[in-house]
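In what follows, a structure is listed as structure tokens, so that the remarks can point back to it.
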Amino acid sequence: AQKITQTQPGMFVQEKEAVTLDCTYDTSDPSYGLFWYKQPSSGEMIFLIYQGSYDQQNATEGRYSLNFQKARKSANLVISASQLGDSAMYFCAMRAIKAGTALIFGKGTTLSVSS
Amino acid sequence: DAGVIQSPRHEVTEMGQEVTLRCKPISGHDYLFWYRQTMMRGLELLIYFNNNVPIDDSGMPEDRFSAKMPNASFSTLKIQPSEPRDSAVYFCASSLRGSANYGYTFGSGTRLTVV
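Taken in order, these protein sequences are the chains called A and B.
Residue numbering for the first sequence follows the working numbering, starting at -1 and increasing by one per position.
Residue numbering for the second sequence follows the working numbering, starting at 514 and increasing by one per position.
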């Protein structure tokens, strides 16, 4: 069975600090992709970053990086230098080939950034 | 590209009424997905299509829900009759191909309230 687990319902950080949002996953498929999406209070789902299961290096996109530890089946999102606009819900998601092509999502983590 | 377009953005209806949600995927994308988001259950996959053909509808909660994709540029999700527990945000997303490294583009969602 495919599963994504996000154990932190809420995280609080001050501006300019770095924050790590945790994500663990479970799949028996050797080929899969891991994604992070941001959902601000306006409700839209915004793609942030992608990591493939065969990628040797951790993915980075601007202030976002994905700390991929394959043996531990974890794909944590690191946001450097947090900004007030980073306050939102963050979802970790996985898409595995063998199980079909549908993204499955974790329950999400609410990030609150204060000044 | 205009992105994935959903309509309406908000829908308020009375219990027992028929509700139709609409989605226009990104041109050229061959996968289309319908998700439902609630506080209790998070983001749930309802159904997805590949080349207009329904592939997996195991997430459709019951026979009151139906989805169609008559052509590559249009899909509907219908609830008949609607019930208060159907209140949620319904997202449509599209994707190019089924490989794990292709993420989704989400529409802005339809917030459905059944009273």
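C-beta: ideal position from N, C-alpha, C; glycine also.
I need the DSSP call for residue i, collapsed to helix, strand or coil.
i       : result
G83(A)  : helix
D53(A)  : coil
R598(B) : helix
R624(B) : strand
I95(A)  : coil
T551(B) : strand
Q12(A)  : strand
E59(A)  : strand
T18(A)  : strand
K1(A)   : strand
E531(B) : coil
S78(A)  : coil
S112(A) : strand
List the DSSP bridge partners of residue i.
i       : result
W606(B) : For clarity, residue 606(B) is Ala in the given sequence; the question names Trp instead. DSSP, once it has assigned bridges, lists F546(B) and F619(B) as partnering A606(B).
C536(B) : Q519(B) and S588(B)
D569(B) : Y561(B)
Q67(A)  : S72(A)
S579(B) : K591(B)
L556(B) : Q550(B)
Quick check on residue i: buried or exposed, where buried means 16 or more other Cβ atoms within 10 Å of its Cβ?
i       : result
T10(A)  : Per the sequence shown, residue 10(A) should be read as Phe rather than Thr. Label assigned to F10(A): exposed.
L82(A)  : exposed
T5(A)   : exposed
V627(B) : buried
P597(B) : exposed
Y603(B) : buried
K14(A)  : exposed
I44(A)  : exposed
V111(A) : buried
M582(B) : buried
S113(A) : exposed
P538(B) : buried
R549(B) : buried
Q519(B) : buried
T25(A)  : buried
Y52(A)  : exposed
V532(B) : buried
S63(A)  : buried
A16(A)  : exposed
D599(B) : buried
E575(B) : exposed
Just to check my reading of the structure: residue i and residue j have Cβ atoms closer than 8 Å, yes? What is that Cβ distance to the nearest angstrom?
i       : j       : result
R86(A)  : Q37(A)  : Reading the sequence as shown, one finds Ala at residue 86(A) and not Arg. About 6 Å; that satisfies the 8 Å criterion.
T3(A)   : G104(A) : 6 Å
Y35(A)  : A94(A)  : Actually they do not touch by this definition, with Cβ atoms about 17 Å apart.
I560(B) : A585(B) : Wrong, their Cβ atoms sit about 16 Å apart, outside the cutoff.
G31(A)  : G50(A)  : 5 Å
D522(B) : R624(B) : The question names Asp, but residue 522(B) is Arg in the sequence shown. Confirmed, Cβ separation roughly 7 Å.
A601(B) : T551(B) : 5 Å
L558(B) : G572(B) : 5 Å
Y617(B) : F546(B) : 7 Å
Would a check of beta-carbon distances place residue i closer than 9 Å to chain D?
i       : result
L101(A) : Given the protein chain composition of this structure (A and B), no chain D is represented.
*Pick out the complete alpha helix (DSSP H) segments inside the segment 25 to 54 of chain A, 4 residues or longer, and give them in chain order.*
none
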